[in-house]
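Per our numbering, the sequence shown runs over residues 17 to 967.
Below: the structure, in C-alpha cells.
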Amino acid sequence: MEFTKKIKSLVNLRQASRSSVDLTEIESPEIEEQVITREKVLEPANKSLNDPEIEKEILNSIEEVFYSDEQFDASEYKLTNIPEAPEIPDINEIYSDKVKLTSQLHVVSKQLSALILQNQSALAEELQRVTEMQKTLEEACLICTQSRSLLAQTKQDFTTASLGILASYRKREQLKCLLRSLHMIKTLQETDVRLRELLEEEDYPGAIQLCLECQKAASTFKHFSCISELSTKLQDTLVMTEEQLDVALSKVCSSFDKIHYEKLQEAYSLLGKTQTAVDQLLMHFASAIHNTAFTIVLQYAEKNSSCKDQSFQKRQYSDLCKLIDSENFSSCLEDLCKALWRIMTSYWCILEWHGVLDDNRQQVEDNSNTSVENFHKNYIRQKLEHGLLRVWQDVQQKVKGYLLASDISPFKFDEFIHILALIQRLIDIGEDFCGSRSEDLQESVRKQSVNYFRNYHRGFMEELRTFLENESWELCPVHSAFSAVHLQEFRFLSRSSSRSFSSSPEKSNSPSRKENVFRKQNIVSPFEEKFEMDDDQEDILSPKENEDLNRTNYDSDSDDSEIPDELKKDFIDENTEDIPKKVHSKLSKKLTSSGRKKPFPILTNTALNVLRSFGKYMQMMSVLKPIAFDVLICMTQLFDYYMYSVYIFFAKEMSDLTENVLSNKLKTTLKRIRENLMFEEGATENFDGRNKDKIPPPSLSVAVNLRKVEDLYGVAARISAAESLVFLAEQFERLHTHLELLIPSTKRAFLQQYCSQTVSQASELRVPIYMAVSARTIDYAQVVVLMGSVKWDVSEIMSQHSSYVDFLLRELQVFSMRLSEIEKKIPIPKDTSDILWDHCIKLSNHSFIEGFSQAKKCTNGGRALMQLDYQQFLSKVERLTDLQPLPGKELVESYIKAYYMLEQNLEQWIRSHKEYTNKQLIGLVNCITQLNKKGRQRLINLIEEGDKLKR
Numbered sequence: 017m018e019f020t021k022k023i024k025s026l027v028n029l030r031q032a033s034r035s036s037v038d039l040t041e042i043e044s045p046e047i048e049e050q051v052i053t054r055e056k057v058l059e060p061a062n063k064s065l066n067d068p069e070i071e072k073e074i075l076n077s078i079e080e081v082f083y084s085d086e087q088f089d090a091s092e093y094k095l096t097n098i099p100e101a102p103e104i105p106d107i108n109e110i111y112s113d114k115v116k117l118t119s120q121l122h123v124v125s126k127q128l129s130a131l132i133l134q135n136q137s138a139l140a141e142e143l144q145r146v147t148e149m150q151k152t153l154e155e156a157c158l159i160c161t162q163s164r165s166l167l168a169q170t171k172q173d174f175t176t177a178s179l180g181i182l183a184s185y186r187k188r189e190q191l192k193c194l195l196r197s198l199h200m201i202k203t204l205q206e207t208d209v210r211l212r213e214l215l216e217e218e219d220y221p222g223a224i225q226l227c228l229e230c231q232k233a234a235s236t237f238k239h240f241s242c243i244s245e246l247s248t249k250l251q252d253t254l255v256m257t258e259e260q261l262d263v264a265l266s267k268v269c270s271s272f273d274k275i276h277y278e279k280l281q282e283a284y285s286l287l288g289k290t291q292t293a294v295d296q297l298l299m300h301f302a303s304a305i306h307n308t309a310f311t312i313v314l315q316y317a318e319k320n321s322s323c324k325d326q327s328f329q330k331r332q333y334s335d336l337c338k339l340i341d342s343e344n345f346s347s348c349l350e351d352l353c354k355a356l357w358r359i360m361t362s363y364w365c366i367l368e369w370h371g372v373l374d375d376n377r378q379q380v381e382d383n384s385n386t387s388v389e390n391f392h393k394n395y396i397r398q399k400l401e402h403g404l405l406r407v408w409q410d411v412q413q414k415v416k417g418y419l420l421a422s423d424i425s426p427f428k429f430d431e432f433i434h435i436l437a438l439i440q441r442l443i444d445i446g447e448d449f450c451g452s453r454s455e456d457l458q459e460s461v462r463k464q465s466v467n468y469f470r471n472y473h474r475g476f477m478e479e480l481r482t483f484l485e486n487e488s489w490e491l492c493p494v495h496s497a498f499s500a501v502h503l504q505e506f507r508f509l510s511r512s513s514s515r516s517f518s519s520s521p522e523k524s525n526s527p528s529r530k531e532n533v534f535r536k537q538n539i540v541s542p543f544e545e546k547f548e549m550d551d552d553q554e555d556i557l558s559p560k561e562n563e564d565l566n567r568t569n570y571d572s573d574s575d576d577s578e579i580p581d582e583l584k585k586d587f588i589d590e591n592t593e594d595i596p597k598k599v600h601s602k603l604s605k606k607l608t609s610s611g612r613k614k615p616f617p618i619l620t621n622t623a624l625n626v627l628r629s630f631g632k633y634m635q636m637m638s639v640l641k642p643i644a645f646d647v648l649i650c651m652t653q654l655f656d657y658y659m660y661s662v663y664i665f666f667a668k669e670m671s672d673l674t675e676n677v678l679s680n681k682l683k684t685t686l687k688r689i690r691e692n693l694m695f696e697e698g699a700t701e702n703f704d705g706r707n708k709d710k711i712p713p714p715s716l717s718v719a720v721n722l723r724k725v726e727d728l729y730g731v732a733a734r735i736s737a738a739e740s741l742v743f744l745a746e747q748f749e750r751l752h753t754h755l756e757l758l759i760p761s762t763k764r765a766f767l768q769q770y771c772s773q774t775v776s777q778a779s780e781l782r783v784p785i786y787m788a789v790s791a792r793t794i795d796y797a798q799v800v801v802l803m804g805s806v807k808w809d810v811s812e813i814m815s816q817h818s819s820y821v822d823f824l825l826r827e828l829q830v831f832s833m834r835l836s837e838i839e840k841k842i843p844i845p846k847d848t849s850d851i852l853w854d855h856c857i858k859l860s861n862h863s864f865i866e867g868f869s870q871a872k873k874c875t876n877g878g879r880a881l882m883q884l885d886y887q888q889f890l891s892k893v894e895r896l897t898d899l900q901p902l903p904g905k906e907l908v909e910s911y912i913k914a915y916y917m918l919e920q921n922l923e924q925w926i927r928s929h930k931e932y933t934n935k936q937l938i939g940l941v942n943c944i945t946q947l948n949k950k951g952r953q954r955l956i957n958l959i960e961e962g963d964k965l966k967r
C-alpha cells in the first residue's frame, strides 16, 4: 500500500512539474536494463499505430470504465490494480500495461486532435462568446459597484421627505404609463369599427396596415387579459380581410381598374403574399372564363320556351350549348366573344402593369431592387407569361365547345358568314394575345364549315337547277360598267385588301399585318365593330341608264317611224334590185346618239345568281383557308353546270346534227362535265354515296319557244344564254388573281388549267348556239332545189343572174329585218351579229357548192352563169353585213374555177382540197367536158380512195 501511494505521489509530482521522470530513478539498475530491453523490443509496435485498423482495435480495447464518469481517476484505478506487498509486482506486466496505455493514449490524443482541428472554427466562436460574456460580466459588476456606491451616498445625503418625493414621482410615472396603456387598449377596442369602414371603402392596404399595427400593439400589451381576446379577434378580422381581398381580386378578371389593382397589390405586399396573389389570380381567371361562358349560355338557353321548366343550373356547359336554338345562336356567340374579350383585355392590362411586356422596365427594376424583390418580381412575371397561353386555351375551349355543340348546316349563308367572321376575329385576337395559331378552334371551324358547305352546296345546286328550269332567258338590266365587284357579295375583296383581316397562317407572319389590337391606347372591343357588309347597298343599275335604256331601246313606235318603208317590205324591188344596207345600223346609230356609247352587259337572272354565289363561295374561302380548295372545286361546278345547261338547251341539237361544229377541246370539256357532274341515264335522282356530287341536268322551261320562225327560233333567248355565259366566264377570269390568293400555292396549277381548258371554252359555245338559228332560218334546201332546175349547159354567156339568187337574198333580207326587230328588245353585240351572219354566209356558200355539184352537164357558158350568180350574191349580201371579207367565198370561187383545169392540175387540186365532200368532187369531175372517160374514172377512184383513208 505504501508502495502504491509512493508511485501515485510520484506520478502526480511528475504531472505537476511537467517533467519526465522514469521509474528507473526508483528502481534498481537491473530493472532499468530490463526496461530498456523491453522498449527496444516494443519499438516496432509503436510504429504500427498509424494503421487505421490497428487504431480502431486499440480504441475498442479501452475499458468501458474510463468512460463511466468525468470524475473518474484513471491513475488511481490503474494503481489499485497493482498487487500489494508482500507480493512483488511483475515488472513485465507493468511495462506491458504501460505500453498498452501509451498506445491507447496516443490513439485517443490523435483522435482528439483531429476533432479539435475539425471543430476549430466552432471552438474559436465559443471562445469568442466566452470572452464577450466575461467582458459583459465585468461591466455588470462595475455597474453594481457604482449603484451600491450611489445608494450609499443617497442614504447619507437625502432626507425622508426627499425620498417621499421620489416615491411620488415614481408612482406618477407608473400611473402615466398605466394611462397610456388604457388609452391604447381603448384604441385597440375601437379598431374593429374602423377596420370595417376601411373594408367597405375597399381601402384594403389601409385596413391591413391598421390590423398589423394593432396586432403589434396587442403583442406589447399581451399581459392584459382583455388584450388576449382582442388579438384573437384581430386575427379573425385579418383572415376576413384576406377573404374579401381575394373576392376583390377575382373581380379584376372581368373589369380591370388600374387604381383598384394597385391597392390590391399593395395589400398583398403588406401581407407578404405577392406570390400567392398571382397564383390565386390565375385560378380566378380560369374560373371567370368558365363562369362567364356558363352564365351567358345559360341566359340564352332559358329563352328557349320548350325548355323553360327544366333546371339548367345543374347541367354541364356542353349540354347547355346544345339547347341554343338557331335564332339565338349567333347572338349568343357574339355576346360570348365580347365577354371573353373583356377577360383577355383585363389579363393583358395586368401584364402591362407588372411590366411583363416591357423588357427595358424590367431591366431597370432588376438593377434598382434587392435580390429578394427581384425574385418576387421574376416569379410573378414568369407565372403571368405562362398564364397567357393557359388563359387563351380556356377561352378557345369554351368557344370550341359552343361551336361544335350545334348543327349550323341549316343556317342561312349571311348568318353563317357572320359566325365565321366572329370566329376569325377571335382567332386573330388569340394570335395577338399569345401568338397562338388556335389549332383547336380552327379545327372546329373546319369541321362545321365542311358540314355546312356540303349541305349548302348541295342545296344550291338543286336551287340552280330550279332556276335554270324556270329561267325565261331574258335580259337582266344592269348598268354599262357592271362587273362582279359591284355586287354586295364581293365587297369583302376591297375591305380585305385594306384591312388585311384574315386568319390564314401565311398572313400571320406578313409585315403588312395590322398592329396588335391589345397595344392600342384606347382598347375597343373588335366585336363592337359593325360588319360593313350588313349595311352595304349595291347599285348595279343607275336610274339614268335605266331610263335611257327604256326610252331608247324599247320605244318601238319611234323606231318603226324612222325605218324606211322599203325596209318593211319582205321582197326585193325588182326594178332597182337594191337591198337596204345594214338594216340594224340605224338602231346602232340611234343608240350611239342617245349617249349609250358602251354596250350593256347581257346577263340573265340565273347568271347573276351564279355570280353572286361566286362571291359567297369566295367569302367562305377567305375565312376557311383549310377547305378553300374544296370550295373552289364547288365553285367550278357551278360554272360547269351553267355552261352545260346552256349547251343542252341551245347547242346540243346542232352538235348532234353536225359533227364538226364543236372543237375537240370543247367536246372534251363537255364530256368531262357530263361524266363528273351529271347523272347518267337511268340513275336515281336522289343523292346517294356514289352520286352525292352529281345532279340531274335541267329541262328547258316551256315558256321558252325555240321553234318560232318570226323570233328566229328564239334568238333572243339564245343571245341571253350565250352572252351571259361569256360574261360569266369573263368575270371568272377577272377573279382569277383573287382566287389564287385564297387557295394554297400548291393548288394554283389546277385553277390555271381549269381557266385554260374550261372557262376559255365558254365563248366557243356561241358557234353551235347561233348556228342553229342561221341553219334553220334560211331555207337552204329550197335554194339547192331551185339550183337543180337551172340549165348549166347553155351555149352562150348569160347577162341575167338566176332566180334562185333572188330567193336566197330575199331570205337573207327577211333574216336581217327580223334580227333588227329583235334588236329593239335586246341589244345584240357585234360579235353575236358577226357570228350569225358568218354562219348564214357559210351555209349559203355551202348551198352554192352543193347546187353546182348537182349539174349533170355544164358548159363554159354555164360556168360563167355560175360566176355571175355568185357575184350577184356577193354584191348584194355585202349590203346586209359588216363582215369583211365575206367568209368562205374562196371555196365557191375555187370550185367554179376548177372546171377549167386540166386533168393533171385537177388531180393536184383534188388532193389539196379536203374541205369538199366526195359527192361535190365527183359531181365536179362528171360535168367537166374536157376529161375523157378513162381520166374521169381515174379521178373518181382517187376521190373514193381518199374517202376510205379518211374513215
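C-beta atoms are modelled at their ideal positions from N, C-alpha and C, and glycine is treated no differently.
| Query | Result |
| --- | --- |
| 4 or more residues per run - each alpha helix (DSSP H) lying fully within the region 100-144 | 107-134 |
| Identity of the residues DSSP links to methionine 694 by a beta bridge | Ile711 |
| Tyrosine 277 (DSSP reduced to helix, strand or coil) | helix |
| Where valine 725 sits in the DSSP three-state scheme | helix |
| Nearest-angstrom Cα separation, counted from alanine 732 out to glutamate 490 | 8 Å |
| First through last residue of the alpha helix (DSSP H) which encompasses leucine 828 | 819-839 |
| Continuous alpha helix (DSSP H) stretch holding aspartate 1012: start and end | The structure shown does not extend to residue 1012, since the chain is modelled only from 17 to 967, so the question has no answer here. |
| Burial state of glutamine 653, where buried means 16 or more other Cβ atoms lie within 10 Å | buried |
| Within the region 305-374, ranges of the alpha helix (DSSP H) (whole runs, at least 4 residues) | 333-337 and 342-369 |
| Reduced DSSP category for glutamate 961 - H, G, I as helix; E, B as strand; rest coil | helix |
| C-alpha gap between leucine 884 and proline 845, whole angstroms | 34 Å |
| C-alpha distance - serine 510 paired with arginine 358, whole-angstrom precision | 30 Å |
| Rounded separation between leucine 958 and tyrosine 657 - CA only | 47 Å |
| Close beta carbons around lysine 463, own chain, < 8 Å, minus the five adjacent residues each side | Leu420 |
| Same chain, Cβ closer than 8 Å to methionine 814, five either side skipped, listed in chain order | Gly877, Ala880, Leu881 and Leu884 |
| Alanine 778 beta carbon less than 8 Å from that of alanine 745 | yes |
| Same chain, Cβ closer than 8 Å to phenylalanine 743, neighbours up to 5 away in sequence not counted | Pro617, Ile618, Leu619 and Ala623 |
| Contact set for valine 411: own chain, Cβ-Cβ below 7 Å, skip 5 residues either direction | Ile305, Leu356 and Met360 |
| Rounded separation between alanine 437 and phenylalanine 345 - CA only | 14 Å |
| Own chain, CB closer than 6 Å to glutamine 127, minus 5 neighbours either side, in chain order | none |
| Top-ranked residue by Cα proximity to alanine 90, from Val775, Thr118 and Thr848 | Thr118 |
| Burial state of asparagine 861 (16 or more Cβ within 10 Å) | buried |
| Cα-Cα separation between glutamate 92 and leucine 167, rounded to whole angstroms | 53 Å |
| Coil, strand or helix - glycine 877 by DSSP | helix |
| Three-state class that DSSP yields for methionine 917 in the structure shown | coil |
| In chain order, each alpha helix (DSSP H) run of at least 4 residues that lies wholly inside the region 857-910 | 876-893 |
| Proximity test, Cβ basis, 8 Å: glutamate 86 and chain C | Of the chains in the structure shown, none is chain C; there is only one protein chain. |
| Closest Cα partner of lysine 416 within the set His434, Met670, Leu442 and Leu287 | Leu442 |
| Straight-line gap, leucine 896 to proline 760 (C-alpha atoms, nearest Å) | 52 Å |
| Among Asn108, Glu86, Val124 and Tyr111, the one whose alpha carbon lies nearest that of lysine 72 | Val124 |
| Proximity below 8 Å, CB of tyrosine 916 to CB of leucine 940 | no |
| Sub-8 Å separation of glutamine 458 and proline 713 beta-carbons | no |
| For glutamate 478 and lysine 970, the rounded distance between their alpha carbons | This structure cannot settle anything about residue 970, because the visible part of the chain is limited to 17 through 967. |
| Isoleucine 107 versus threonine 152 - alpha carbon distance | 55 Å |
| Distance between glutamine 291 and serine 303 (C-alpha atoms, nearest Å) | 19 Å |
| Same chain only: Cβ atoms within 7 Å of glutamate 485, ignoring 5 sequence neighbours per side | Pro714, Ser715 and Ser717 |
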